[in-house]
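Chemist:
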Amino acid sequence: MNYILVIFIIRKFVNNQREIQVLTNIIEEKLQKSGIKQGALNGIRVIDLSQFEAGPSCTETLAWLGAEVIKVENPNGGEQGRTPPTKGGDSYYFLLFNANKRSVTCNLKSVKGRKILDELIKTGDVFIENYGPGVIERLGYSYEAVKSKNSSIIYASIKGFGRGSPYENFLAFDMIAQATGGVMSITGETDGRPLKPGTTIGDTGTGLHCAIGILAALFQRHTTGEGQLVEVAMQEAMTNFCRVAYATQANTGKAAVRRGNQVILGSSAPSEAYLCKGGGPNDYCYIYSTRAHNQHWERIVKVIGREDMLNNPKFKTAESRAENIKEVDDAIGKWVIRYDKMEVMKIMGEAGVAAGAVFDTMELQNDSNLIDRGVFTEIEHPVHGKFTMPTFPVKLSKSQVSIEPAPLLGADNKHVYGNILGYTDDEIETLSDDGII
Numbered sequence: 000m001n002y003i004l005v006i007f008i009i010r011k012f013v014n015n016q017r018e019i020q021v022l023t024n025i026i027e028e029k030l031q032k033s034g035i036k037q038g039a040l041n042g043i044r045v046i047d048l049s050q051f052e053a054g055p056s057c058t059e060t061l062a063w064l065g066a067e068v069i070k071v072e073n074p075n076g077g078e079q080g081r082t083p084p085t086k087g088g089d090s091y092y093f094l095l096f097n098a099n100k101r102s103v104t105c106n107l108k109s110v111k112g113r114k115i116l117d118e119l120i121k122t123g124d125v126f127i128e129n130y131g132p133g134v135i136e137r138l139g140y141s142y143e144a145v146k147s148k149n150s151s152i153i154y155a156s157i158k159g160f161g162r163g164s165p166y167e168n169f170l171a172f173d174m175i176a177q178a179t180g181g182v183m184s185i186t187g188e189t190d191g192r193p194l195k196p197g198t199t200i201g202d203t204g205t206g207l208h209c210a211i212g213i214l215a216a217l218f219q220r221h222t223t224g225e226g227q228l229v230e231v232a233m234q235e236a237m238t239n240f241c242r243v244a245y246a247t248q249a250n251t252g253k254a255a256v257r258r259g260n261q262v263i264l265g266s267s268a269p270s271e272a273y274l275c276k277g278g279g280p281n282d283y284c285y286i287y288s289t290r291a292h293n294q295h296w297e298r299i300v301k302v303i304g305r306e307d308m309l310n311n312p313k314f315k316t317a318e319s320r321a322e323n324i325k326e327v328d329d330a331i332g333k334w335v336i337r338y339d340k341m342e343v344m345k346i347m348g349e350a351g352v353a354a355g356a357v358f359d360t361m362e363l364q365n366d367s368n369l370i371d372r373g374v375f376t377e378i379e380h381p382v383h384g385k386f387t388m389p390t391f392p393v394k395l396s397k398s399q400v401s402i403e404p405a406p407l408l409g410a411d412n413k414h415v416y417g418n419i420l421g422y423t424d425d426e427i428e429t430l431s432d433d434g435i436i
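Structure, rendered in structure tokens:
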């Protein structure tokens, strides 16, 4: 049974929203009884005009949950995230953010190209873009324009800054979002300059926020039958990630400051990454003692053989330990350096202390447990060959989607334009010859 096709036919020819839901429920029930595992978003089609990372990370999430994501790209090179090419193929960056998607090419600067996109929009559930300010409007695909073609569509838009912001028309990338959203102001050493975290949360973090908004809008559509506009500003997504810093600000009445490896809220000691035996760039183990009670601290001093610190008033409370943090760090550091990071994590963990070795990306990719759990998987790309990539960390017991490699540019032109829009092979060939697709 082609579930997506059946749902499309129902939506195309059944006008009553309640009847659509009843028929959809019947199909889902039959699939469950048959034992066939479907993705949670099977039957949802996403028309994806996003590029680079913020938008693609959103649509990849939807694809990993079972949605059919059709990536609409420029025939001349595709979206910019495909470059610079690696080993004669698309960049690894592109491969990591575009798994499980279809790719079609369409010249949106041509009348015929826009006609094709209009047809695709009519079949879609979600439309998403993250072009620079004003670009999508100039192409003729504002929310109102797309809504006029498909009133039930969910239209998602990602921009650097929110509507009405004095920076609304400014370009933004990951690091700009982190700078303007407060993340960099609280990252780094207290007496040092602001730093950008190594992760690209300005992009991917925004994309995940957008995916949540889209899922909520799809759920609401089941009740109302209506689509809506989902807007996410990268600056504002970063502000949301900084909520703990605003708790600190509320406590002190001052802007939150950088605290290095210390927790930003309140006083806690220990709260540090300690150098372990080996002395390599990542031979560290982070050890943390909650400020909520003394149990963790008591366990730590027993492990390191410093029970004498228990009755010392300088270390009696979380606050007093924070005031004497150098002595705390020295005591723990002298013990930690005798062991490698894995040993430290094991000893502390078994003693009931929160401790985490600093794993680098290669260690994580080669972790047999993470491989067994499907956190990393090996895919076969038609150009790059075998390639290992991290996958979606959320596991659903009744939803299963296999990981597929990112598509080559225009790889799905024939399927999408032929099977979905009904173009003949000759028509598709003519469109290609004319530079439309």
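In terms of numbering that gives the first Met the number 0, the sequence shown is residues 0 to 436.
Ideal placement from N, C-alpha and C gives every residue a C-beta, glycine not left out.
1) Given this structure, state the Cα-to-Cα distance separating Asp371 from Met344, to the nearest angstrom.
2) Measure the C-alpha to C-alpha separation of Gly278 and Arg305 and round it to an integer number of angstroms.
3) Measure how close the beta-carbons of Ala330 and Ile286 come, nearest whole angstrom, since I'm counting them as under 8 Å.
4) For the segment 104–118 against the segment 393–401, do three or more pairs of beta-carbon atoms, one drawn from each stretch, fall closer than 8 Å, so that the two count as touching?
5) Given this structure, state the Cα-to-Cα distance separating Gly159 from Met233, to the nearest angstrom.
6) Out of Tyr416, Ile419, Asn418, Thr390, which one is the CA nearest neighbour of Ala405?
7) From His292, Lys195, Leu363, pick the residue whose C-alpha is nearest to that of Val352; which is it?
8) Tell me the residue span of the alpha helix (DSSP H) that contains Tyr245.
9) Rounding to the nearest angstrom, what Cα-Cα distance links Leu407 and Val415 in this structure?
10) Can you list the beta strand (DSSP E) stretches of 3 or more residues lying completely in the segment 147–192, in chain order?
11) If you count every other CB in all the chains shown that lies within 10 Å of the CB of Phe240, and 16 or more means buried, which is it?
12) Are there 16 or more other CB atoms within 10 angstroms of the CB of Val71, so buried, or fewer, so exposed?
13) Is the segment 199–207 in contact with the segment 49–58, if contact means three or more CB pairs nearer than 8 Å?
14) Taking the C-alpha atoms as reference points, what is the distance between Lys385 and Glu403?
15) In angstroms with no decimal places, state the Cα-to-Cα distance between Val374 and Asn310.
16) Please report the residue range of the alpha helix (DSSP H) in which Ile120 lies.
17) With a threshold of 16 other CB atoms inside 10 Å of the CB of Ser462, please say whether the residue is buried or exposed.
18) Given a threshold of 16 other Cβ atoms within 10 Å of its Cβ, counted over all protein chains shown, does Thr189 qualify as buried or as exposed?
Modeler: By the coordinates alone:
1) In the sequence shown, counting from the first residue as 1, residue 371 sits at position 372. In the sequence shown, counting from the first residue as 1, residue 344 sits at position 345. About 21 Å.
2) Working through the sequence shown from its first residue, we reach residue 278 at position 279. Working through the sequence shown from its first residue, we reach residue 305 at position 306. When rounded, the distance between both Cα atoms is 24 Å.
3) Taking the first residue of the sequence shown as position 1, residue 330 is located at position 331. Taking the first residue of the sequence shown as position 1, residue 286 is located at position 287. 11 Å between Cβ atoms; not a contact.
4) no
5) For the purposes of this step, residue 159 is identified with residue 160 of the sequence shown, where counting begins at 1. For the purposes of this step, residue 233 is identified with residue 234 of the sequence shown, where counting begins at 1. Cα to Cα, Gly159 sits roughly 5 Å from Met233.
6) Against the sequence shown, residue 405 aligns to sequence position 406. Out of Tyr416, Ile419, Asn418, Thr390, Thr390 has the C-alpha closest to the C-alpha of Ala405.
7) Here the question's residue 352 lines up with position 353 in the sequence shown. That would be His292, whose Cα lies nearest to the Cα of Val352.
8) For the purposes of this step, residue 245 is identified with residue 246 of the sequence shown, where counting begins at 1. Segment 242–251, the alpha helix (DSSP H) holding Tyr245.
9) Working through the sequence shown from its first residue, we reach residue 407 at position 408. Working through the sequence shown from its first residue, we reach residue 415 at position 416. Approximately 14 Å, taken between the alpha carbons.
10) Along the segment 147–192, the beta strand (DSSP E) occurs as fully enclosed runs of 3 or more residues at 153–158, listed in sequence order.
11) Position 241 of the sequence shown, counted from the first residue, corresponds to residue 240. Under this definition Phe240 is a buried residue.
12) Looking up residue 71 in the sequence shown gives position 72. Val71 comes out buried.
13) Counting Cβ pairs under 8 Å, three or more are found: they touch.
14) Residue 385 sits at position 386 when you count from the first residue of the sequence shown. Residue 403 sits at position 404 when you count from the first residue of the sequence shown. Straight-line measurement puts the Cα of Glu403 at about 12 Å from the Cα of Lys385.
15) Start at 1 with the first residue of the sequence shown, and residue 374 comes out as number 375. Start at 1 with the first residue of the sequence shown, and residue 310 comes out as number 311. Their backbone Cα atoms lie some 45 Å apart in a straight line.
16) For the purposes of this step, residue 120 is taken as residue 121 along the sequence shown, with counting starting at 1. Where Ile120 is concerned, the enclosing alpha helix (DSSP H) stretches over 110–122.
17) In this structure the chain extends from 0 to 436, so residue 462 is not present and cannot be described.
18) Taking the first residue of the sequence shown as position 1, residue 189 is located at position 190. Answer is exposed; the Cβ neighbour count stays below 16.
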